[in-house]
Structures are given as structure tokens and as C-alpha cells.
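Each residue of the sequence shown is one higher than the one before, starting from 1 at the first, in our numbering. Written below as C-alpha cells is the structure these notes are about.
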Amino acid sequence: MYQRQSQQKLIQLLQQFPAVGLLGPRQVGKTTLAFAQKALYPDALYLDLELPSAQRQLDDTEAFLMAHAQQLVILDEVQRMPELFGVLRGVIDQRRRMGQASGQFLLLGSATGVLLQQSSESLAGRVAYVELPPLQATEIFTGTHSVADLNALWVRGGFPLSWLAKTDADSMTWREVFIATYLEKDIPALGPRIPATTLRRLWTMLAHHQGELLDQSKLAAALAISGQTVSRYIDLLCDLMLVRRLPAWHGNVGKRLIRAPKVYVRDSGLVHALLGLSSLDAVLGHPVAGSSWEGFVVEQLINAASQAEASFYRTSNGAEVDLVLTFRNQETWTIEIKRSSAPSVSRGFYQAATDLGAARKLLVAPVAQTYPMKEGIEVVDVMTAIRWVTEQNQSNR
């Protein structure tokens, strides 16, 4: 098993809070990470709430949970039973009075909206959250690695079974089944009555327009649905942690700022599967290659900067930067992402960095070594950029 970066935070929060929510898409490794906690909680009880048998055990929820009051109770796919949250509050408080202040419940969820809404209403002050994204480059490549290794992760994405598949064809098959299962089974099970064909078309259109400004009216016209419906469908994909809305930077710089968010399909492997691109050659030969690479790097850096605020910057006059990270000490980094091994930046990047008073200006590209450019820009490879962002993030905790 790969050592997940979220594991240490999960351990710390279980020792601090009575309940911890572990959030991530399906098949991302939540259950595996939960079972890894058995080293600290050997008598932990696991219930998969997708199974009718597990749901029946909770017919008298309070009695069942109090019967296991000395154990860590792991509830998987907890969004399937939102009625649990009201009961959990009372059980947590009873167990606190019995002397168990922390490590009572580990709640695994693949739909953040349901889990966050229900738990914020019922478990305020009793629950903390950890997000588990697909495998990150720094989790996989802990030693030396080649350019081909990083390209393979970009093409396949970070879902463990996609990454670990024996061949590109097997990886592609896994991702195609994953997409179909979400559309035909998992989303309907959450309640929304959405035509699978319409949602797939929207998801595919977002992949085609990876990293572009969200234009709901354009998407609505193409799908023959309302802009409000498009917004609701994208909300759902964001809730499932499959799509990211990257907000525009907001502040007072005396410029006309673009306000619309940019939208990314979060896992690069899913971008490629939605577009039918099963190999590196296929990806590189497609117009989406540059924006797919941008999205891949954006996800790596945002996940490394868990304590920072992420956005992008664009003005009506052409000043633009792909990613802005504002750390807790208010230090701002501007980051431009290029696929070329001989990258350059436009005047718009220099202007954006000046507007924002950037402390560091990075140009992330597949280069062999770090080197400087004019006006303080540092050209770095992906892994070095991740390391620098991680170090800055940790120093600002």
C-alpha cells in the first residue's frame, strides 16, 4: 500500500475529535486507509452501509452503537443513511460522558455535500474532516523516477486501480467502467433523477473544455437544458469530488477582474477516458493535451497546499496566471504551467505577478533542472514545485 499523505492527519484528528469524516471519490482508497487504522484501533468495527445487512444492524441505531461504545466504529458510504447524523450526536455525547473523548467514529463519504450539510447541522464541534484525493505524484514516486513515470501517472490518473493496471488498455477499461458506474448506479443511489446520457455529455464537454472559464449558457445551449440545470449538475459533480471549480482571485487591485470560475475535471485519467484517449501518444496528439497537463499540475499543487487559498487571476486587459496560492501568512505565489520543455511566459504573467505582489513566481514545466528567468521567475519541474509548495504549506500551519 502507498503511504498516503492524509494518513498522519487522519491519525491526529482521530486522537483529537470524537468523529472524523474521510472524504473522497469512490475507489480512491478510503476503505483501505480506514482499515490501516486497525494498528491503533485493533477492535475497530466496520460497517459498509451499501449493504442491506449493515443497514439492518442499525435499525435501532442508538442501541447498536452504544453496544460498541468502546470501539472505533467505521461507517462506510455514510451518505447513504443521512438520518444517522441526528443519532450520532447523542451517542457521541453519551460516550464522552463515559470518558471516551476522541476516536469514536470514522465516517467515510463519497459525496461531500450530503456529509458536510448533515454533519454541520448535527455534529458541530464534534467532527473534523480529511479529504483523500487520488494518488499524488509524491505518494507514488518516493525515490527516483523518470519522465515516463510521471507521464504515465498523467495519462492514467491517480485512482489506485487505474494506476496499478498492467497495461494502458486495462487502465482505460477500468476508468470507462468507473464512469459508467457513477452515471448509472452511484448518482441515482444518492437521489438525483438525472438522465445518465445528459450528465455524461456534460462531463465530457467539461473534459473538452478543461481549465476554461465556466460558460453555463454555452453548455446549456449545447445540452438543450437551462443554465440553472447546468449549474445544478456541475454542483453535483463537484460534490462528488470529480470536478473542481477554481475561483477567480478577488481583491482590490484597481483592475477589471474576470469573475467566472475555471472548471477542471479533477483526475487527468478521467479527462482522457471521457475523451477516448488511452495512451500517451493519443493524449499528446489531442488538442486537450496542454490543458489536461495544466489540470494535472493544478491538482497536485492544490493538494500539496492544503492550508492555502487557491485561485486563478485574469483581468480584462490580459494579465493572467494559471494558479494563485495565498498562504496563511498572506504570502502569494503565482504559478504558470506549461507542457513545453522550453517554456516561456507572456507579458500577462509578469503583469499579474506585479498586480498581486507575488513573493514567488514559478513556471512549472517538464524541465530537467531548475533555472531562473528574468524578473525573479523560477522554472521548475513538477516534483520540485510540489516539494516547495508542501514546505511553504507546512511552515504556515
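We put the CB at the ideal spot given by N, CA and C, even for glycine. Note that this is a predicted model, so its numbers are computed, not measured.
#1: Out of Ala222, Ala111, Ala221 and Ile225, which one is the CA nearest neighbour of glycine 191?
#2: I need the straight-line Cα distance from proline 195 to alanine 289, nearest angstrom please.
#3: Along the chain, where does the beta strand (DSSP E) containing lysine 218 start, and where does it finish?
#4: Check the C-beta distance from alanine 248 over to arginine 314 and give it rounded, since I have them as a contact under 8 Å.
#5: State the beta-bridge partners of glycine 21 as determined by DSSP.
#6: Should glutamine 15 go down as buried or exposed, given a rule of 16 or more other Cβ atoms within 10 Å for buried?
#7: Are three or more beta carbon pairs between the segment 306-325 and the segment 272-287 nearer than 8 Å?
#8: Starting from phenylalanine 312, follow the beta strand (DSSP E) in both directions and report where the run begins and ends.
#9: Under three-state DSSP, which class holds valine 271?
#10: Less than 7 Å between C-beta atoms, sequence neighbours within five positions excluded: which residues of the same chain meet that for tryptophan 174?
#11: If distances are taken between C-alpha atoms only, which option among Ser340, Thr370, Leu75 and His68 comes closest to aspartate 43?
#12: Would you kindly report the start and end of the unbroken beta strand (DSSP E) that includes arginine 360?
#13: I'd like to know whether the C-beta atoms of valine 20 and alanine 128 end up nearer to each other than 9 Å.
#14: Please say whether alanine 365 and alanine 358 have beta carbons closer to each other than 9 Å?
#15: Going by Cα to Cα distance, which pick from Glu299, Asn329, Pro18 and Leu237 is closest to methionine 383?
#16: Considering only C-alpha positions, which residue in the set Leu363, Glu176 and Thr32 is nearest to arginine 200?
#17: What residues are listed by DSSP as bridge partners for valine 243?
#18: Comparing C-alpha positions only, which one of Arg387, Ile258 and Phe35 sits nearest to leucine 45?
#19: Let me know the secondary structure DSSP gives aspartate 381 once reduced to three states.
#20: What would DSSP say about valine 298, mapped onto helix, strand or coil?
#21: Taking 9 Å as the threshold (C-beta atoms), are threonine 334 and arginine 360 in contact?
#22: Considering only heavy atoms of the ligand ATP, does any lie closer than 8 Å to the CB of valine 253?
#23: For leucine 123, which of helix, strand or coil comes out of DSSP?
#24: May I ask which residues mark the beginning and end of the beta strand (DSSP E) holding tyrosine 182?
#25: Among residues of its own chain, excluding the 5 on either side of proline 372, which ones have a beta-carbon nearer than 8 Å to its beta-carbon?
#26: Taking C-beta to C-beta, are glutamine 369 and serine 291 nearer than 9 Å?
#27: Compute the distance between the beta-carbons of asparagine 303 and proline 82, then report whether it is under 9 Å.
#28: With burial defined as no fewer than 16 other Cβ atoms inside 10 Å of the residue's Cβ, what is the status of threonine 332: buried or exposed?
#29: Indicate the three-state DSSP secondary structure (helix, strand or coil) for tyrosine 41 in the structure shown.
#30: From leucine 107 to phenylalanine 296, what does the alpha carbon distance come to, in whole angstroms?
#31: In the DSSP assignment, what are the bridge partners of proline 372?
#32: Is it true that the CB of tyrosine 182 sits closer than 9 Å to the CB of arginine 26?
#33: Return the chain-ordered list of same chain residues with a C-beta closer than 7 Å to the C-beta of leucine 135, the five sequence neighbours on each side being excluded.
#34: Starting from the C-beta of leucine 275, find all residues in its chain whose C-beta is less than 8 Å away, skip the five residues before and the five after it, and write them out in chain order.
In short, the structure shows the following:
#1: On the sequence shown, position 191 is the one that residue 191 refers to. Comparing Cα-Cα distances from glycine 191 to each of Ala222, Ala111, Ala221 and Ile225, the minimum goes to Ala111.
#2: Walking along the sequence shown from the start, residue 195 turns up at place 195. Walking along the sequence shown from the start, residue 289 turns up at place 289. So the two alpha carbons sit approximately 29 Å from each other.
#3: Working through the sequence shown from its first residue, we reach residue 218 at position 218. Segment 216-223 is the alpha helix (DSSP H) holding lysine 218; no beta strand (DSSP E) there.
#4: Looking up residue 248 in the sequence shown gives position 248. Looking up residue 314 in the sequence shown gives position 314. Contact flag correct, Cβ pair sits at about 7 Å.
#5: In the sequence shown, the residue the question calls residue 21 occupies position 21. Glycine 21 is bridged to Leu107 and Tyr129.
#6: Locating residue 15 in the sequence shown gives position 15, counting from the first residue. A residue is called buried when at least 16 other Cβ atoms come within 10 angstroms of its Cβ; glutamine 15 does not meet this threshold and is exposed.
#7: Three or more beta-carbon pairs separated by less than 8 Å are not found between the segment 306-325 and the segment 272-287, which leaves the two stretches without contact.
#8: Counted from its first residue, the sequence shown places residue 312 at position 312. Per DSSP, phenylalanine 312 belongs to the beta strand (DSSP E) from 309-314.
#9: Walking along the sequence shown from the start, residue 271 turns up at place 271. Helix.
#10: Position 174 of the sequence shown holds residue 174. Same-chain partners within the cutoff: Leu161, Ser162 and Ala165.
#11: Here the question's residue 43 lines up with position 43 in the sequence shown. Ranking Ser340, Thr370, Leu75 and His68 by Cα distance to aspartate 43 puts His68 first.
#12: As a first step, residue 360 is located in the sequence shown; it is residue number 360 there, counting from the start. Unbroken beta strand (DSSP E) run through arginine 360: 360-364.
#13: Translated into positions along the sequence shown, residue 20 becomes position 20. Translated into positions along the sequence shown, residue 128 becomes position 128. Yes; because the gap between Cβ atoms is below 9 Å, this pair is in contact.
#14: The residue labelled residue 358 in the question sits at position 358 within the sequence shown. The residue labelled residue 365 in the question sits at position 365 within the sequence shown. Result no, Cβ atoms of alanine 358 and alanine 365 do not sit closer than 9 Å.
#15: As a first step, residue 383 must be located in the sequence shown, where it is residue number 383. Methionine 383 has its Cα closest to that of Glu299, out of Glu299, Asn329, Pro18 and Leu237.
#16: Here residue 200 refers to the residue found at position 200 when the sequence shown is read from its first residue. Closest by alpha carbon: Glu176.
#17: The residue given as residue 243 occupies position 243 in the sequence shown. Answer by DSSP bridge pairing, in chain order: Val265.
#18: Start at 1 with the first residue of the sequence shown, and residue 45 comes out as number 45. Among Arg387, Ile258 and Phe35, the Cα nearest to that of leucine 45 is on Phe35.
#19: As a working mapping, residue 381 is identified with position 381 in the sequence shown. Residue state, collapsed to three classes: coil.
#20: Within the sequence shown, numbered from 1, the residue matching residue 298 stands at position 298. Helix at valine 298.
#21: Indexing the sequence shown from 1 puts residue 360 at position 360. Indexing the sequence shown from 1 puts residue 334 at position 334. The answer is yes: Cβ separation under 9 Å.
#22: Among the ligands in the structure shown, none appear at all, so the ligand ATP cannot be discussed.
#23: Residue numbering aside, residue 123 sits at position 123 when the sequence shown is read from its first letter. Correct three-state label for leucine 123: coil.
#24: By 1-based counting over the sequence shown, the position of residue 182 is 182. Element bounds for tyrosine 182: n/a, residue is neither H nor E.
#25: As a working note, residue 372 is residue 372 in the sequence shown. So the list reads Glu378 and Val379, once near-sequence residues are dropped.
#26: Working through the sequence shown from its first residue, we reach residue 369 at position 369. Working through the sequence shown from its first residue, we reach residue 291 at position 291. Against a cut-off of 9 Å, the Cβ pair of serine 291 and glutamine 369 comes out as no contact.
#27: Taking the sequence shown and counting its residues from 1, the one referred to as residue 303 is at position 303. Taking the sequence shown and counting its residues from 1, the one referred to as residue 82 is at position 82. Not closer than 9 Å, so no.
#28: Taking the sequence shown and counting its residues from 1, the one referred to as residue 332 is at position 332. The residue is buried, with at least 16 neighbouring Cβ atoms inside 10 Å.
#29: As a first step, residue 41 is located in the sequence shown; it is residue number 41 there, counting from the start. Residue state, collapsed to three classes: coil.
#30: What you label residue 107 is simply residue 107 of the sequence shown in a count that begins at 1. What you label residue 296 is simply residue 296 of the sequence shown in a count that begins at 1. Spanning the two alpha carbons is a distance of roughly 28 Å.
#31: The count along the sequence shown starts at 1 and reaches residue 372 at position 372. Paired residues: Glu378.
#32: Along the sequence shown, read from residue 1 onward, the residue named residue 26 stands at position 26. Along the sequence shown, read from residue 1 onward, the residue named residue 182 stands at position 182. For arginine 26 and tyrosine 182, yes; Cβs fall inside 9 Å.
#33: For this step, residue 135 is matched to residue 135 along the sequence shown. So the list reads Tyr2, Gly158, Pro160 and Trp163, once near-sequence residues are dropped.
#34: Looking up residue 275 in the sequence shown gives position 275. For leucine 275, where only same-chain residues beyond five positions count, the Cβ hits under 8 Å are Thr204, Ala207, His208, His286 and Val288.
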